[in-house]
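Residue numbers (this note's numbering): 174 to 468.
The structure appears below as structure tokens.
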């Protein structure tokens, strides 16, 4: 039988990134944190935390990190149901992860749709949609917007829809770099935008046009607003959500380089497979907003 206090301490170490920060969040001494974690590791017979900066769960620790989060969630809901006379529910920390374009367009609207009576505090993480499921797999997040349709072990998955992207460029930039349209030589030489090193949307689109992997010059701008503004200002071309691109195209600031070509990115919702009112409400909100915003 695992000790829930030890599990909670283990989760705090990974969440906060160090023994000292975990001690502050739990209102105990760093020595107590160390002793609890050592006892848990001895009980399991495995090293659960990489003593790095920040601390991270080992492969053996990831299932226990997910378990710790699930136990904390269900424990909080049970206490709130059992002690209604003590006033409103205590805040529940909900860690979710989504890709930058979802965060910049529709996802925050889903969070705002949740009833205020649930008293939720959100810890929203951002990652590329091809990598968001990793935060569920390692136990960090309880739910994710992801491009991965195969369910992570212990999770449920459902399709939300697809986000449509168009190849957008500032009008003058397009005239200089794409005078003959989306030719292979233009795509190979024109500066291209990318969110970060994980962002492959531009490369995927270019391959649909040329059937080749190109190596153009790349600007990295790891911000939803910064990325789109860089495209508007002519720093490079990039794949922009269609709903964001419409206004710039209509105003004549930018052009759709693809002239009808687009890239649809299917998105899925993955979450822990537990009977939780919090997760049920979150899933319902995400499903409703995604149904209205995605294709």
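Every residue gets a Cβ at the ideal spot worked out from N, C-alpha and C, and that includes glycine.
Here the structure is a predicted model, which means the values were calculated and not measured.
Residue span of the beta strand (DSSP E) that contains residue 333, given as start and end: Counting from one through the chain shown, the residue named residue 333 turns up at place 160. First-last of the beta strand (DSSP E) with residue 333: 328-343.
Could you tell me if residue 453 is buried or exposed, where buried requires 16 or more neighbouring beta carbons within 10 angstroms of its beta carbon? Residue numbering aside, residue 453 sits at position 280 when the chain shown is read from its first letter. The residue is exposed, with fewer than 16 neighbouring Cβ atoms inside 10 Å.
Which first and last residues belong to the beta strand (DSSP E) in which residue 404 is found? Taking the chain shown and counting its residues from 1, the one referred to as residue 404 is at position 231. Premise fails: residue 404 lies in the alpha helix (DSSP H), 397-405, not in any beta strand (DSSP E).
Buried or exposed: residue 220, going by 16 or more other Cβ atoms within 10 Å of its Cβ? For the purposes of this step, residue 220 is taken as the residue at position 47 of the chain shown. Exposed, by the Cβ-count rule.
At least 3 beta-carbon pairs within less than 8 Å: the segment 280-300 vs the segment 206-222: no
Enumerate in chain order the residues of its own chain whose CB-to-CB distance from residue 214 is below 7 Å, with the five nearest sequence positions on each side excluded. In the chain shown, counting from the first residue as 1, residue 214 sits at position 41. 220, 221.
Among 447, 450, 304, 237, whose alpha-carbon lies nearest the alpha-carbon of residue 373? Counting from one through the chain shown, the residue named residue 373 turns up at place 200. The candidate whose alpha carbon is nearest that of residue 373 is 304.
Local conformation of residue 368 per DSSP, three classes: Taking the first residue of the chain shown as 1, we reach residue 368 at position 195. Residue 368: coil per DSSP, three-state reduction.
Tell me whether the beta-carbon of residue 212 lies closer than 7 Å to the beta-carbon of residue 179. The sequence position of residue 212 within the chain shown is 39, counting from 1. The sequence position of residue 179 within the chain shown is 6, counting from 1. In contact: residue 212 and residue 179 (Cβ atoms closer than 7 Å).
Three Cβ pairs or more, each shorter than 8 Å: is that satisfied between the segment 307-320 and the segment 383-393? no
Using the Cβ count rule (16 or more neighbours within 10 Å means buried), how would you classify residue 238? For the purposes of this step, residue 238 is taken as the residue at position 65 of the chain shown. Answer is buried; the Cβ neighbour count reaches 16.
Give, in chain order, every unbroken run of the alpha helix (DSSP H) that is at least 4 residues long and sits entirely within the segment 227-304. 234-255, 273-278, 280-285
Close-in-space but distant-in-sequence residues of the same chain around residue 308 (CB under 7 Å, 5 per side omitted): Mapped onto the chain shown, residue 308 falls at position 135. 270, 298, 300, 314, 317, listed in sequence order.
Is it the case that the segment 427-444 contacts the segment 375-384, given that we only count it when at least three CB pairs across the two stretches are under 8 Å? yes
Cβ pair residue 184, residue 251 closer than 7 Å: Taking the chain shown and counting its residues from 1, the one referred to as residue 184 is at position 11. Taking the chain shown and counting its residues from 1, the one referred to as residue 251 is at position 78. Cβ distance not < 7 Å, so residue 184 and residue 251 don't count as in contact.
Between the alpha carbons of residue 248 and residue 186, how many angstroms are there, rounded? Taking the chain shown and counting its residues from 1, the one referred to as residue 248 is at position 75. Taking the chain shown and counting its residues from 1, the one referred to as residue 186 is at position 13. C-alpha separation (whole angstroms): 19 Å.
Which residue's Cα is closest to the Cα of residue 277: 410, 190, 399? Taking the first residue of the chain shown as 1, we reach residue 277 at position 104. Closest option to residue 277, Cα to Cα, is 399.
Inter-residue spacing [alpha-carbon to alpha-carbon] between residue 337 and residue 440: Here residue 337 corresponds to residue number 164 of the chain shown, with the count starting at 1. Here residue 440 corresponds to residue number 267 of the chain shown, with the count starting at 1. Distance between the alpha carbons of residue 337 and residue 440: 11 Å.
What did DSSP end up calling residue 182 once you bin it into helix, strand or coil? Translated into positions along the chain shown, residue 182 becomes position 9. In this structure, residue 182 counts as helix in the three-state DSSP scheme.
If I follow the unbroken beta strand (DSSP E) through residue 436, where does it start and stop? Along the chain shown, read from residue 1 onward, the residue named residue 436 stands at position 263. Here the beta strand (DSSP E) through residue 436 covers 436-445.
Measure the CB-CB distance between residue 414 and residue 274 and report whether it falls below 7 Å. Here residue 414 is taken as the residue at index 241 of the chain shown, counted from 1. Here residue 274 is taken as the residue at index 101 of the chain shown, counted from 1. Against a cut-off of 7 Å, the Cβ pair of residue 274 and residue 414 comes out as a contact.
Please work out which residues of its chain come closer than 8 Å, Cβ to Cβ, to residue 357, disregarding the five sequence neighbours upstream and downstream, and give them in chain order. Residue numbering aside, residue 357 sits at position 184 when the chain shown is read from its first letter. Once the five neighbours on either side are set aside, the close Cβ partners of residue 357 are 382, 383, 385, 387.
Three-way DSSP call (helix, strand, coil) for residue 223 in this model: Taking the chain shown and counting its residues from 1, the one referred to as residue 223 is at position 50. Reduced to three states, the DSSP call for residue 223 is strand.
Quick test of your reading: residue 355 and residue 418, contact by CB under 8 Å. State the CB separation rounded to the nearest angstrom. As a working note, residue 355 is residue 182 in the chain shown. As a working note, residue 418 is residue 245 in the chain shown. Not confirmed; about 16 Å, so no contact.
Between residue 365 and residue 411, which are expected to be in contact by the criterion C-beta below 8 Å, what is the C-beta distance as a whole number of angstroms? The residue you call residue 365 lines up with position 192 of the chain shown. The residue you call residue 411 lines up with position 238 of the chain shown. Residue 365 to residue 411, Cβ: 7 Å. Contact.
As a quick exercise: from 353, 346, 460, pick the residue whose alpha carbon is nearest that of residue 331. In the chain shown, counting from the first residue as 1, residue 331 sits at position 158. Comparing Cα-Cα distances from residue 331 to each of 353, 346, 460, the minimum goes to 460.
CA-CA distance, residue 468 and residue 426? On the chain shown, residue 468 is found 295 positions in, with the first residue counted as 1. On the chain shown, residue 426 is found 253 positions in, with the first residue counted as 1. About 25 Å.
For the alpha helix (DSSP H) that residue 459 lies in, which residues bound it at each end? In the chain shown, the residue the question calls residue 459 occupies position 286. First-last of the alpha helix (DSSP H) with residue 459: 450-466.
Run the CB neighbour count on residue 177, radius 10 Å, all protein chains shown included, and call it buried at 16 or more, exposed below. On the chain shown, position 4 is the one that residue 177 refers to. Exposed, since its Cβ has fewer than 16 Cβ neighbours within 10 Å.
Applying the criterion that 16 or more other CB atoms from any shown protein chain within 10 Å of the CB defines a buried residue, is residue 448 buried or exposed? Translated into the one-based positions of the chain shown, residue 448 becomes position 275. It counts as exposed.
If you measure between the beta carbons of residue 350 and residue 361, is that distance less than 7 Å? By one-based count along the chain shown, residue 350 stands at place 177. By one-based count along the chain shown, residue 361 stands at place 188. Going by C-beta atoms, residue 350 is not nearer than 7 Å to residue 361.
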